Amino acid sequence: MLTVKTPDEVLDLIQTAFTTLNRPAETVPLDAALGRVLAADIRAAEFVPGFDRSTVDGYALRSADTFGCSDALPALLTRVGEVLMGEAPPGSVGPGECMAIPTGGALPPGADGVQMVEYSEDYGDGTVGILKSVAPGNNLIFKGDDVKPGDLVLPAARRLQPQDIGALAALGVTEVPVRPQVRVGVLSTGDEIVPPEQVPGSGQVRDVNAPLVGAVLTQAGARVTQYGIFPDDEPTLRAGVAKALVENDLVVLSGGSSVGAKDAAVTVLSSFGELLFHGIAMKPGKPTLLAKSGEKPLMGLPGHPVAALFSTHLFVCPLLARLEGRTLRRRALKAVLTETVGANHGRAQYNGVFLSEENGTLLARPVRGKSGLITTLAGADGYFCIPRDCEGFSAGTEISVITFTAE
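Position one of the sequence shown corresponds to residue -7 (the working numbering), numbered consecutively onward.
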(Lines of atoms letter the chains of each structure in order from A and count residues from 1; the text may use other names and numbers.)
(Lines give C-alpha, C1' and ligand atoms only; values in the text may rest on other atoms or scores of the structure.)
Protein backbone atom coordinates (compact mmCIF):
# COMPACT_ATOMS: atom_id res chain seq x y z
CA MET A 1 0.00 0.00 0.00
CA LEU A 2 1.29 3.48 -0.89
CA THR A 3 2.07 5.99 1.86
CA VAL A 4 1.34 9.22 0.04
CA LYS A 5 2.57 12.78 0.32
CA THR A 6 0.74 15.90 -0.80
CA PRO A 7 1.99 17.72 -3.92
CA ASP A 8 3.25 20.60 -1.75
CA GLU A 9 5.15 18.18 0.50
CA VAL A 10 6.81 16.68 -2.57
CA LEU A 11 7.89 20.10 -3.84
CA ASP A 12 9.31 20.98 -0.41
CA LEU A 13 11.17 17.65 -0.34
CA ILE A 14 12.72 18.33 -3.74
CA GLN A 15 14.10 21.63 -2.43
CA THR A 16 15.57 20.11 0.73
CA ALA A 17 16.87 16.81 -0.64
CA PHE A 18 18.73 18.12 -3.70
CA THR A 19 21.07 20.99 -4.53
CA THR A 20 22.54 22.67 -7.59
CA LEU A 21 24.81 20.46 -9.68
CA ASN A 22 28.42 20.61 -8.57
CA ARG A 23 29.88 20.91 -12.05
CA PRO A 24 31.84 23.86 -13.46
CA ALA A 25 30.19 26.49 -15.61
CA GLU A 26 30.87 26.57 -19.32
CA THR A 27 30.98 29.25 -21.98
CA VAL A 28 28.83 29.03 -25.10
CA PRO A 29 28.50 31.32 -28.13
CA LEU A 30 25.56 33.72 -28.10
CA ASP A 31 23.67 31.78 -30.79
CA ALA A 32 23.75 28.66 -28.58
CA ALA A 33 22.74 30.38 -25.33
CA LEU A 34 18.94 30.36 -25.74
CA GLY A 35 17.35 28.31 -22.96
CA ARG A 36 20.56 27.96 -20.99
CA VAL A 37 20.89 29.12 -17.38
CA LEU A 38 23.26 31.99 -16.66
CA ALA A 39 26.19 31.09 -14.43
CA ALA A 40 27.01 34.69 -13.48
CA ASP A 41 25.45 38.13 -13.39
CA ILE A 42 25.70 40.03 -16.67
CA ARG A 43 26.59 43.68 -16.11
CA ALA A 44 26.98 46.38 -18.72
CA ALA A 45 30.55 47.29 -19.64
CA GLU A 46 29.53 50.29 -21.74
CA PHE A 47 26.77 52.80 -22.34
CA VAL A 48 23.75 51.62 -24.33
CA PRO A 49 23.01 53.54 -26.43
CA GLY A 50 26.48 54.94 -26.82
CA PHE A 51 25.30 58.38 -28.01
CA ASP A 52 22.31 60.73 -27.77
CA ARG A 53 19.96 59.94 -30.64
CA SER A 54 16.66 60.99 -32.14
CA THR A 55 13.48 58.93 -31.85
CA VAL A 56 11.79 60.65 -34.81
CA ASP A 57 12.50 62.02 -38.28
CA GLY A 58 12.80 65.78 -37.96
CA TYR A 59 15.16 68.60 -37.04
CA ALA A 60 17.71 68.75 -34.23
CA LEU A 61 17.66 72.20 -32.65
CA ARG A 62 18.05 74.32 -29.55
CA SER A 63 14.77 74.18 -27.65
CA ALA A 64 15.09 77.81 -26.54
CA ASP A 65 14.75 78.88 -30.17
CA THR A 66 11.24 77.40 -30.34
CA PHE A 67 9.61 78.77 -27.21
CA GLY A 68 6.32 80.54 -28.07
CA CYS A 69 6.21 79.45 -31.69
CA SER A 70 2.98 78.32 -33.37
CA ASP A 71 1.38 77.67 -36.77
CA ALA A 72 0.70 81.39 -37.06
CA LEU A 73 4.12 82.42 -35.80
CA PRO A 74 6.69 79.70 -36.62
CA ALA A 75 10.25 79.81 -35.34
CA LEU A 76 12.47 80.40 -38.35
CA LEU A 77 15.75 78.42 -38.20
CA THR A 78 18.62 78.09 -40.61
CA ARG A 79 19.26 74.53 -41.80
CA VAL A 80 23.01 73.84 -41.44
CA GLY A 81 23.25 70.25 -42.62
CA GLU A 82 21.91 66.73 -42.29
CA VAL A 83 22.76 63.85 -39.95
CA LEU A 84 23.21 60.56 -41.84
CA MET A 85 22.48 57.17 -40.28
CA GLY A 86 25.57 55.44 -38.95
CA GLU A 87 27.69 58.58 -39.18
CA ALA A 88 28.73 61.32 -36.80
CA PRO A 89 26.95 64.67 -37.23
CA PRO A 90 28.69 66.89 -39.81
CA GLY A 91 28.89 69.79 -37.35
CA SER A 92 27.17 71.49 -34.45
CA VAL A 93 23.93 73.44 -34.05
CA GLY A 94 24.20 77.04 -32.91
CA PRO A 95 21.56 79.60 -31.92
CA GLY A 96 18.91 79.99 -34.64
CA GLU A 97 20.09 76.84 -36.44
CA CYS A 98 18.79 73.32 -37.00
CA MET A 99 19.96 70.13 -38.65
CA ALA A 100 17.87 67.44 -40.39
CA ILE A 101 18.03 64.16 -38.51
CA PRO A 102 16.53 60.67 -39.09
CA THR A 103 15.11 58.33 -36.47
CA GLY A 104 18.10 56.84 -34.69
CA GLY A 105 20.49 59.53 -35.90
CA ALA A 106 23.16 60.94 -33.57
CA LEU A 107 22.26 64.28 -31.96
CA PRO A 108 24.66 67.02 -33.08
CA PRO A 109 26.53 69.08 -30.46
CA GLY A 110 24.61 72.17 -29.37
CA ALA A 111 21.15 70.66 -29.94
CA ASP A 112 19.02 69.64 -26.96
CA GLY A 113 15.81 68.49 -28.68
CA VAL A 114 14.23 67.33 -31.93
CA GLN A 115 11.03 68.44 -33.55
CA MET A 116 9.37 65.94 -35.85
CA VAL A 117 8.77 66.63 -39.54
CA GLU A 118 5.01 66.89 -39.01
CA TYR A 119 5.49 70.12 -37.01
CA SER A 120 8.07 71.59 -39.38
CA GLU A 121 8.14 73.26 -42.79
CA ASP A 122 11.14 73.33 -45.11
CA TYR A 123 10.82 76.51 -47.17
CA GLY A 124 13.45 75.34 -49.68
CA ASP A 125 15.74 78.36 -49.23
CA GLY A 126 17.73 76.92 -46.31
CA THR A 127 15.13 78.09 -43.80
CA VAL A 128 12.98 75.72 -41.72
CA GLY A 129 9.84 76.80 -39.89
CA ILE A 130 9.09 75.09 -36.54
CA LEU A 131 5.35 75.17 -35.85
CA LYS A 132 5.33 73.78 -32.31
CA SER A 133 7.68 74.44 -29.41
CA VAL A 134 10.12 71.80 -28.20
CA ALA A 135 11.09 71.17 -24.59
CA PRO A 136 14.66 70.15 -23.75
CA GLY A 137 15.03 66.40 -24.27
CA ASN A 138 11.96 66.03 -26.49
CA ASN A 139 12.11 63.11 -28.95
CA LEU A 140 15.52 62.01 -27.68
CA ILE A 141 17.09 58.93 -26.16
CA PHE A 142 20.18 59.91 -24.22
CA LYS A 143 23.47 58.10 -23.95
CA GLY A 144 23.10 55.39 -21.30
CA ASP A 145 19.29 55.65 -21.09
CA ASP A 146 19.16 51.87 -21.58
CA VAL A 147 22.11 50.87 -19.38
CA LYS A 148 25.27 52.41 -17.98
CA PRO A 149 28.57 50.67 -17.17
CA GLY A 150 28.12 48.52 -14.09
CA ASP A 151 24.32 48.20 -14.37
CA LEU A 152 22.93 44.70 -13.76
CA VAL A 153 21.29 43.55 -16.99
CA LEU A 154 20.63 39.84 -16.34
CA PRO A 155 21.00 38.02 -13.00
CA ALA A 156 22.70 34.70 -12.53
CA ALA A 157 20.36 31.67 -12.53
CA ARG A 158 18.07 33.17 -15.19
CA ARG A 159 17.07 30.87 -18.00
CA LEU A 160 17.78 32.89 -21.13
CA GLN A 161 14.84 33.96 -23.28
CA PRO A 162 14.93 35.45 -26.81
CA GLN A 163 14.72 39.01 -25.45
CA ASP A 164 17.76 38.27 -23.26
CA ILE A 165 19.74 37.21 -26.32
CA GLY A 166 18.93 40.59 -27.85
CA ALA A 167 20.11 42.41 -24.73
CA LEU A 168 23.38 40.46 -24.72
CA ALA A 169 23.92 41.31 -28.37
CA ALA A 170 23.37 45.01 -27.58
CA LEU A 171 26.07 44.77 -24.92
CA GLY A 172 28.50 43.07 -27.27
CA VAL A 173 28.43 39.83 -25.24
CA THR A 174 29.14 37.05 -27.72
CA GLU A 175 30.40 34.42 -25.25
CA VAL A 176 27.95 33.61 -22.46
CA PRO A 177 28.78 31.92 -19.12
CA VAL A 178 26.15 29.26 -18.45
CA ARG A 179 25.57 26.47 -15.98
CA PRO A 180 25.94 22.92 -17.27
CA GLN A 181 22.84 21.39 -18.77
CA VAL A 182 21.23 18.78 -16.59
CA ARG A 183 21.73 15.39 -18.23
CA VAL A 184 18.56 13.31 -17.97
CA GLY A 185 18.29 9.63 -18.78
CA VAL A 186 14.77 8.49 -19.74
CA LEU A 187 13.69 4.83 -19.60
CA SER A 188 10.39 3.02 -20.09
CA THR A 189 9.41 -0.29 -18.58
CA GLY A 190 6.60 -2.70 -19.31
CA ASP A 191 6.23 -6.10 -20.97
CA GLU A 192 3.44 -4.65 -23.12
CA ILE A 193 5.41 -1.66 -24.44
CA VAL A 194 6.78 -1.54 -27.99
CA PRO A 195 8.61 1.30 -29.82
CA PRO A 196 6.46 3.92 -31.60
CA GLU A 197 7.61 2.70 -35.03
CA GLN A 198 6.37 -0.85 -34.35
CA VAL A 199 2.83 -2.01 -34.99
CA PRO A 200 1.50 -3.27 -31.63
CA GLY A 201 0.42 -6.86 -31.39
CA SER A 202 -2.37 -8.23 -29.24
CA GLY A 203 -2.11 -6.76 -25.73
CA GLN A 204 0.69 -4.38 -26.72
CA VAL A 205 0.83 -0.57 -26.81
CA ARG A 206 3.31 1.91 -28.25
CA ASP A 207 5.70 3.67 -25.91
CA VAL A 208 4.19 7.12 -25.45
CA ASN A 209 5.93 8.13 -22.23
CA ALA A 210 9.55 8.23 -23.33
CA PRO A 211 8.97 10.67 -26.25
CA LEU A 212 6.46 12.62 -24.14
CA VAL A 213 8.64 13.00 -21.05
CA GLY A 214 11.73 13.61 -23.16
CA ALA A 215 9.96 16.42 -25.03
CA VAL A 216 8.81 18.13 -21.83
CA LEU A 217 12.29 18.00 -20.32
CA THR A 218 14.02 19.08 -23.53
CA GLN A 219 11.68 22.08 -23.67
CA ALA A 220 12.56 22.77 -20.03
CA GLY A 221 16.27 22.92 -20.88
CA ALA A 222 17.59 19.43 -20.14
CA ARG A 223 19.89 17.34 -22.30
CA VAL A 224 17.87 14.16 -22.68
CA THR A 225 19.16 10.70 -23.56
CA GLN A 226 16.69 7.93 -24.35
CA TYR A 227 17.65 4.46 -23.09
CA GLY A 228 14.77 2.51 -24.58
CA ILE A 229 12.23 0.03 -23.28
CA PHE A 230 12.90 -2.54 -20.55
CA PRO A 231 10.77 -5.53 -19.56
CA ASP A 232 9.26 -5.88 -16.08
CA ASP A 233 12.29 -7.89 -15.07
CA GLU A 234 14.25 -6.57 -12.10
CA PRO A 235 17.79 -7.62 -13.14
CA THR A 236 17.39 -6.27 -16.68
CA LEU A 237 15.76 -3.07 -15.52
CA ARG A 238 18.39 -2.60 -12.78
CA ALA A 239 21.16 -2.85 -15.38
CA GLY A 240 19.50 -0.21 -17.54
CA VAL A 241 19.00 2.16 -14.62
CA ALA A 242 22.59 1.63 -13.48
CA LYS A 243 23.92 2.63 -16.90
CA ALA A 244 21.69 5.70 -17.04
CA LEU A 245 22.68 6.68 -13.50
CA VAL A 246 26.38 6.67 -14.34
CA GLU A 247 25.88 8.79 -17.47
CA ASN A 248 23.33 11.34 -16.20
CA ASP A 249 22.47 13.74 -13.38
CA LEU A 250 18.84 12.61 -13.19
CA VAL A 251 17.13 9.36 -14.17
CA VAL A 252 13.43 9.23 -15.06
CA LEU A 253 11.71 5.85 -15.37
CA SER A 254 8.09 5.55 -16.47
CA GLY A 255 5.91 2.52 -15.82
CA GLY A 256 6.10 -0.13 -13.15
CA SER A 257 5.51 2.30 -10.28
CA SER A 258 2.21 0.89 -9.01
CA VAL A 259 1.84 -1.89 -6.44
CA GLY A 260 1.16 -4.82 -8.73
CA ALA A 261 3.18 -8.02 -8.46
CA LYS A 262 5.25 -7.21 -11.56
CA ASP A 263 5.68 -3.44 -10.98
CA ALA A 264 9.43 -3.39 -10.45
CA ALA A 265 10.22 0.33 -10.47
CA VAL A 266 10.08 0.93 -6.72
CA THR A 267 12.25 -2.09 -5.95
CA VAL A 268 14.83 -1.23 -8.59
CA LEU A 269 15.06 2.50 -7.94
CA SER A 270 15.22 2.13 -4.17
CA SER A 271 18.01 -0.43 -4.54
CA PHE A 272 20.34 2.37 -5.68
CA GLY A 273 19.93 4.36 -2.48
CA GLU A 274 17.17 5.93 -0.41
CA LEU A 275 13.47 5.85 -1.31
CA LEU A 276 12.21 9.35 -0.46
CA PHE A 277 8.53 8.70 -1.13
CA HIS A 278 6.20 6.42 -3.06
CA GLY A 279 2.81 7.92 -3.78
CA ILE A 280 1.33 11.42 -4.09
CA ALA A 281 -2.19 12.44 -3.05
CA MET A 282 -3.15 13.51 -6.57
CA LYS A 283 -5.14 12.38 -9.58
CA PRO A 284 -3.76 11.39 -12.00
CA GLY A 285 -0.26 10.42 -10.91
CA LYS A 286 -0.68 8.83 -7.49
CA PRO A 287 2.02 6.09 -7.98
CA THR A 288 4.83 8.64 -8.63
CA LEU A 289 7.98 7.91 -6.62
CA LEU A 290 11.35 9.49 -5.93
CA ALA A 291 14.62 7.92 -4.81
CA LYS A 292 18.11 9.30 -4.23
CA SER A 293 21.43 7.70 -5.12
CA GLY A 294 24.23 9.79 -3.65
CA GLU A 295 23.28 13.28 -4.85
CA LYS A 296 21.41 12.05 -7.91
CA PRO A 297 17.59 11.81 -8.06
CA LEU A 298 15.74 8.90 -9.61
CA MET A 299 12.11 9.62 -10.45
CA GLY A 300 9.55 6.92 -11.13
CA LEU A 301 6.50 7.99 -13.14
CA PRO A 302 3.17 6.22 -13.67
CA GLY A 303 2.75 4.22 -16.85
CA HIS A 304 -0.42 5.98 -17.94
CA PRO A 305 0.64 8.78 -20.31
CA VAL A 306 -1.58 11.55 -18.94
CA ALA A 307 -0.46 10.74 -15.40
CA ALA A 308 3.16 10.72 -16.57
CA LEU A 309 2.67 14.11 -18.25
CA PHE A 310 1.25 15.74 -15.14
CA SER A 311 3.89 14.21 -12.87
CA THR A 312 6.61 15.46 -15.20
CA HIS A 313 5.26 19.01 -15.30
CA LEU A 314 4.48 19.16 -11.60
CA PHE A 315 7.55 17.47 -10.13
CA VAL A 316 10.29 16.57 -12.63
CA CYS A 317 10.45 20.11 -14.02
CA PRO A 318 10.88 21.64 -10.53
CA LEU A 319 13.49 18.98 -9.81
CA LEU A 320 15.30 19.93 -13.00
CA ALA A 321 15.19 23.61 -11.98
CA ARG A 322 16.58 22.72 -8.55
CA LEU A 323 19.55 20.95 -10.12
CA GLU A 324 20.11 23.97 -12.36
CA GLY A 325 20.01 26.28 -9.35
CA ARG A 326 17.15 28.39 -10.62
CA THR A 327 13.61 29.17 -9.54
CA LEU A 328 10.94 27.67 -11.76
CA ARG A 329 8.36 30.21 -12.89
CA ARG A 330 4.97 29.00 -14.02
CA ARG A 331 2.85 30.96 -16.45
CA ALA A 332 -0.69 31.22 -15.03
CA LEU A 333 -3.76 32.69 -16.74
CA LYS A 334 -7.15 33.51 -15.26
CA ALA A 335 -9.98 31.86 -17.20
CA VAL A 336 -13.65 31.03 -16.75
CA LEU A 337 -14.57 27.33 -16.62
CA THR A 338 -17.16 26.41 -19.24
CA GLU A 339 -18.33 23.15 -17.64
CA THR A 340 -18.73 21.80 -14.12
CA VAL A 341 -15.88 19.49 -13.07
CA GLY A 342 -16.24 17.16 -10.10
CA ALA A 343 -13.37 15.78 -8.03
CA ASN A 344 -12.56 12.90 -5.72
CA HIS A 345 -12.41 14.18 -2.16
CA GLY A 346 -9.03 13.69 -0.52
CA ARG A 347 -6.74 14.09 -3.57
CA ALA A 348 -5.62 17.10 -5.58
CA GLN A 349 -7.07 16.64 -9.06
CA TYR A 350 -5.43 18.03 -12.22
CA ASN A 351 -7.44 18.64 -15.37
CA GLY A 352 -6.27 19.72 -18.81
CA VAL A 353 -8.09 22.56 -20.58
CA PHE A 354 -8.50 24.09 -24.01
CA LEU A 355 -8.41 27.89 -23.95
CA SER A 356 -10.45 30.19 -26.18
CA GLU A 357 -11.59 33.80 -26.07
CA GLU A 358 -15.16 35.01 -26.32
CA ASN A 359 -16.21 38.66 -26.04
CA GLY A 360 -12.94 39.52 -24.30
CA THR A 361 -13.24 36.71 -21.73
CA LEU A 362 -10.76 33.84 -21.62
CA LEU A 363 -12.64 30.53 -21.43
CA ALA A 364 -11.33 27.16 -20.24
CA ARG A 365 -13.02 24.06 -21.61
CA PRO A 366 -12.01 21.01 -19.56
CA VAL A 367 -10.48 17.96 -21.19
CA ARG A 368 -12.57 14.86 -20.62
CA GLY A 369 -10.81 11.50 -20.58
CA LYS A 370 -8.91 8.91 -18.60
CA SER A 371 -5.24 8.95 -17.64
CA GLY A 372 -4.34 6.29 -20.21
CA LEU A 373 -5.67 8.29 -23.16
CA ILE A 374 -2.97 10.79 -24.12
CA THR A 375 -4.69 11.90 -27.33
CA THR A 376 -7.38 13.59 -25.22
CA LEU A 377 -4.72 16.14 -24.25
CA ALA A 378 -3.50 16.76 -27.79
CA GLY A 379 -3.89 20.46 -28.45
CA ALA A 380 -4.58 21.28 -24.80
CA ASP A 381 -3.22 24.63 -23.63
CA GLY A 382 -2.70 23.96 -19.92
CA TYR A 383 -4.23 22.58 -16.75
CA PHE A 384 -5.80 23.58 -13.47
CA CYS A 385 -5.93 22.02 -10.01
CA ILE A 386 -8.93 21.19 -7.86
CA PRO A 387 -7.60 21.11 -4.25
CA ARG A 388 -7.92 17.93 -2.21
CA ASP A 389 -10.52 19.47 0.12
CA CYS A 390 -12.79 20.60 -2.74
CA GLU A 391 -15.43 18.48 -4.47
CA GLY A 392 -15.15 20.33 -7.76
CA PHE A 393 -15.72 23.62 -9.57
CA SER A 394 -18.98 24.77 -11.12
CA ALA A 395 -19.31 26.15 -14.63
CA GLY A 396 -18.62 29.88 -14.54
CA THR A 397 -15.93 29.62 -11.85
CA GLU A 398 -12.78 31.67 -12.49
CA ILE A 399 -9.79 29.34 -12.32
CA SER A 400 -6.02 29.68 -12.62
CA VAL A 401 -4.70 27.82 -15.67
CA ILE A 402 -1.03 26.79 -15.77
CA THR A 403 0.12 26.70 -19.37
CA PHE A 404 1.97 23.77 -20.92
CA THR A 405 4.22 26.14 -22.80
CA ALA A 406 7.76 26.82 -21.66
CA GLU A 407 8.20 29.38 -18.90
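All residues carry an ideal CB built from backbone N, CA and C; glycine is no exception.
The model shown is predicted, which means the values in this text are computed figures rather than measured ones.
At the level of alpha carbons, what is the spacing between V479 and G374?
Only positions -7 to 399 of the chain appear in this structure, which leaves residue 479 out of reach.
Using C-beta distances below 7 Å, list every residue in its chain close to R272, excluding the 5 sequence neighbours before and after it, in chain order.
The amino acid at residue 272 is misidentified as Arg; the sequence shows Ile. Hits under 7 Å: V(-4), K(-3), P(-1), V2, K278 and T280.
How many angstroms separate the CA atom of S62 from the CA atom of D49?
Spanning the two alpha carbons is a distance of roughly 20 Å.
Any chance the segment 210 to 222 sits against the segment 309 to 318, with 3 or more Cβ pairs inside 8 Å?
yes
Are the segment 75 to 90 and the segment 98 to 110 touching by the rule of at least three beta carbon pairs closer than 8 Å?
yes
Spell out a yes or no on whether the segment 195 to 212 and the segment 53 to 70 are touching, meaning 3 or more CB-CB pairs, one atom from each, closer than 8 Å.
no
Short check: CB of L329 to CB of A372, under 8 Å?
no
Whole angstroms are fine: how far does the CA of A257 sit from the CA of G265?
13 Å
Secondary structure at R314, three-state DSSP: helix, strand or coil?
helix
In chain order, which continuous runs of the alpha helix (DSSP H) of length 4 or greater are located wholly inside the segment 130 to 192?
If we require 4 residues or more, the alpha helix (DSSP H) runs fully inside the segment 130 to 192 come out as 154 to 162.
Over the uninterrupted alpha helix (DSSP H) stretch that includes N201, give me the two end residues.
N201 to Q211
On a Cα-Cα basis, can you pick out the residue from N130, A327, V233 and G361 that is closest to S348?
A327
So is C309 buried or exposed if we call it buried at 16+ other beta carbons inside 10 Å?
buried
Quick one: Cα of Q155 to Cα of A24, how far?
14 Å
Please report how far the alpha carbon of A67 lies from the alpha carbon of D57, in whole angstroms.
7 Å
If contact is defined by three or more beta carbon pairs under 8 Å, each pair taking one atom from either stretch, is the segment 38 to 52 in contact with the segment 186 to 195?
These segments do not touch.
Return the CA-CA distance between V458 and N351, expressed in angstroms with no decimal places.
Within the shown structure, residues of the chain are numbered from -7 to 399, placing residue 458 beyond reach of any answer.
In the DSSP assignment, what are the bridge partners of F396?
Paired residue(s): none; F396 is not in a bridge.
Which two residues bound the contiguous alpha helix (DSSP H) that contains K288?
Run containing K288: none in the alpha helix (DSSP H); it sits in the beta strand (DSSP E), K288 to L293.
Please determine, among D117, Y111, A340 and P141, the residue with the shortest C-alpha to C-alpha distance to K124.
Among D117, Y111, A340 and P141, the Cα nearest to that of K124 is on Y111.
What does the alpha-carbon distance come out to for the pair G334 and Q341?
9 Å
Could you pull the DSSP bridge partners for M108 from this structure?
The beta-bridge partner set that DSSP reports for M108 consists of G50.
Could you pull the start and end residues of the alpha helix (DSSP H) that S348 belongs to?
Where S348 is concerned, there is no enclosing alpha helix (DSSP H), although the beta strand (DSSP E) it sits in stretches over A340 to E350.
Determine the direct distance from the alpha carbon of R35 to that of P147, and round the result to whole angstroms.
The C-alpha of R35 is placed about 9 Å away from the C-alpha of P147.
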